[in-house]
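Under the UniProt record's numbering, think of the first position of the sequence shown as 1, with each following residue one higher. Note that beta-carbon positions come from the ideal geometry of N, C-alpha and C, so glycine has one too. Here's the structure, in structure tokens; my notes come after.
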Amino acid sequence: MLSCTRAIATQSRIIRLPVHVTEKLNKIKQVQRKISQSKNRNASLEEIGQELGMTAAQVREVLMKIPRSVSLEVKVGKEKDTELVDLLESEDISPEENLAVESLRRDIGVLLKDLTEREQQVIKLRYGFEDGVAYSLAGIGRVLELSRERVRQIEAKTLQKLRQPRRRNQIRDYFESLT
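See the structure below:
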């Protein structure tokens, strides 16, 4: 039984409380229920302390160690018209960012059309344009059945082509917006 209560004490909460605090807390809650049932009202700190041989201050201290949960649906602000959940930052990509990414992807596609099929494959795999995964030179070599060195040479030559002023200007706006 003791091992069960210790396991519950260490694993049942998001914020772990020391076992002795959890045990005191369980005793306090047990006494609260007992007094509440027998007297049909909430127990005072003094009554709980008297039952457990603690002072009201000690009972309050144990109860203060419990982290309070707050509902995300609670209304906040002066007008109480905004829910807390509305203020949390979303991890989703904003519509503006999504539009910029799609536009960049389209422009990169146009930029890559000037390259040979093999150069396109190397760049798409190397920088994750294909499936979101950036491959190593050796990984690209395995996919395209080329040596790692040959992939490196193709990448270097292709990047040199893409650095030419007329091509670079096509995507310069995106890089300027990042800074």
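For Q30, the number of other beta carbons within 10 angstroms of its own is below 16, and it is reported as exposed. With respect to the 8 Å criterion, I140 and L125 are classified as neighbours on the basis of their beta carbons. Just so you know, the alpha carbons of K78 and D86 end up roughly 15 Å apart.
Just so you know, the alpha carbons of E117 and I154 end up roughly 11 Å apart. If you keep only unbroken alpha helix (DSSP H) runs of at least 4 residues inside the UniProt domain "RNA polymerase sigma-70 region 3" (23–98), you get 45–52, 56–64 and 84–87. DSSP places E130 in no alpha helix (DSSP H); its state is neither H nor E. In this structure, the CA atom of N42 is about 27 Å from the CA atom of L72. Here the C-alpha atom of L111 lies approximately 13 Å from the C-alpha atom of Q121. By the C-beta density criterion, T158 is buried, having at least 16 other C-beta atoms within 10 angstroms. As the crow flies, the alpha-carbon of D81 is around 26 Å from that of I93. Put simply, the backbone Cα of K113 is about 23 Å away from that of S136. Taking the Cα positions, R60 is about 58 Å away from Y127. Secondary structure note for E155: its alpha helix (DSSP H) is the uninterrupted segment R148 to L162.
Counting only residues of its own chain and dropping the five nearest sequence neighbours on each side, V62 has a CB closer than 7 Å to the CB of V21, K24, L25 and I28.
Between the alpha carbons of T55 and S36 lies a distance of about 19 Å. Judged by DSSP in its simplified three-state form, E145 adopts coil rather than helix or strand.
Pairing R148 with A138 gives a Cβ-Cβ distance under 8 Å. In this structure, DSSP gives S103 a helical state, which the three-state scheme calls helix.
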